[in-house]
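A short worksheet on the structure shown next.
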Amino acid sequence: MAFDLVIVGGGRMGSALATGLVSAHWCEPEKIVIVEHDAFTRYVLGQDLPGVSVVASLELEHVGPSTGAVLAVKPEHAESVARLVGACGVTRVMSVVAGLSTDRLSAVLPHGVAVVRAMPNTPVLVGRGVSAISGGVTATSDDLEWASSILGAVGSVVRVSERHMDAVTGVSGCGPAFIYLVAESLIEAGVHQGLPREMSRELVVGTLMGAAEMLSVTASSPEELRSQVTSPGGATAAGLRMLESRAVRAAFLEAVSASAERSRQLGR
Ligand SMILES: NC(=O)c1ccc[n+]([C@@H]2O[C@H](COP(=O)([O-])OP(=O)(O)OC[C@H]3O[C@@H](n4cnc5c(N)ncnc54)[C@H](OP(=O)(O)O)[C@@H]3O)[C@@H](O)[C@H]2O)c1
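Residue numbers (our numbering): 708 to 975.
Take a look at the structure:
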């Protein structure tokens, strides 16, 4: 039986995508197949995603003229998986593999296969990711629309030029980890000020969510929002002065630069 969508790799990213697609009714669950080589992961996916097929290997019969494939394996497996997908006749591929360029993927796929490169981030696990996509030389606007509809099931989607993918990796791909570090530090700081840890956690998570919502729903820039809560000579100003004296802003510039550079290295 031919499927609409093949997801190769049923780990965190592949399973998050499959879950999002099923709950968004992107297609019937029966039209999705996950190819996953770990037996226990296959068992868990089978329990979690009723109707979705979970198999150990991709077969020719799984692929029809309109079957698309998502590559969601680790970078070291990606090119061999792409060869297999191409050999089974898939004509449209979206890769979420960090650092892997559309040119490198096209080089191992049959001529003419459309390739879309995507960089999602971990909040796709809760349907609140943000993903960047860019098309390879053979990708049409239909292919980008298709990729966008898949990632749109688990968050928002931004189209970028492929030359920006390493920067995207540094900002939104790695960004959640930077924010988790901020959260961790603020929770610890609350504890140091005498708050019970759970209370500190609740306050910090609520603060991050509220601040993110303010950024999202108001037309104000982060600078404007920050100045609105910074009374002259007040408590916020005292805290911000300390952060500036420790060069936190420069540290973020360097962190994103280091992550983008590492992404460039992985792609080479
Ligand atoms: N997680 C993220 O936040 C994130 C963000 C952006 C991009 N990505 C990209 O998404 C990709 C997947 O990441 P992940 O976090 O989902 O990794 P993961 O949890 O390790 O999932 C990959 C899964 O694919 C399986 N697999 C490997 N080779 C296979 C093959 N030939 N056929 C079938 N299944 C195979 C792996 O099994 P084994 O473990 O047994 O090998 C594993 O279960 C990576 O390339 C990463 O760069 C991830």
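Ideal placement from N, C-alpha and C gives every residue a C-beta, glycine not left out.
- The secondary-structure analysis by DSSP pairs M801 across a beta bridge with V777, V823.
- Bridge partners of I840 according to DSSP: A825, R866.
- With contacts defined by Cβ atoms closer than 7 Å, G771 and A709 form a contacting pair.
- With respect to the 7 Å criterion, A825 and S808 are not classified as neighbours on the basis of their beta carbons.
- In the DSSP assignment, I714 forms a beta bridge with I741, V777.
- Just so you know, the alpha carbons of S970 and A942 end up roughly 39 Å apart.
- Near ligand 1, residues with a Cβ at less than 6 Å from any of the ligand's heavy atoms are V715, G716, G717, G718, R719, M720, G721, V742, E743, H744, D745, T748, A779, V780, K781, P782, H784, V788, V803, V804, A805, M826, P827, N828, T829, G880; the list follows chain order.
- Under DSSP, S760 forms a beta bridge with V740.
- One thing to note: V861 has its Cβ within 7 Å of the Cβ of A723.
- Excluding residues up to 5 positions away in sequence, G877 lie with their Cβ nearer than 8 Å to the Cβ of S964 in the same chain.
- If you draw a 10 Å sphere on the C-beta of H818, you find fewer than 16 other C-beta atoms in it, and that means exposed.
- If you check the CB distance, S855 and V867 do not come in under 7 Å.
- By the neighbour-count definition (other C-beta atoms within 10 Å, threshold 16), S787 is an exposed residue.
- Under the DSSP assignment, R953 falls outside any alpha helix (DSSP H); it carries neither an H nor an E label.
- With a cutoff of 7 Å on beta-carbon distance, A776 and V729 are scored as not near each other.
- A direct Cα-Cα distance of roughly 14 Å separates S892 from M906.
- Cβ atoms of V823 and M801 come within 8 Å of each other, at about 4 Å.
- Counted as a single uninterrupted DSSP element, the alpha helix (DSSP H) harbouring G721 occupies residues 719-730.
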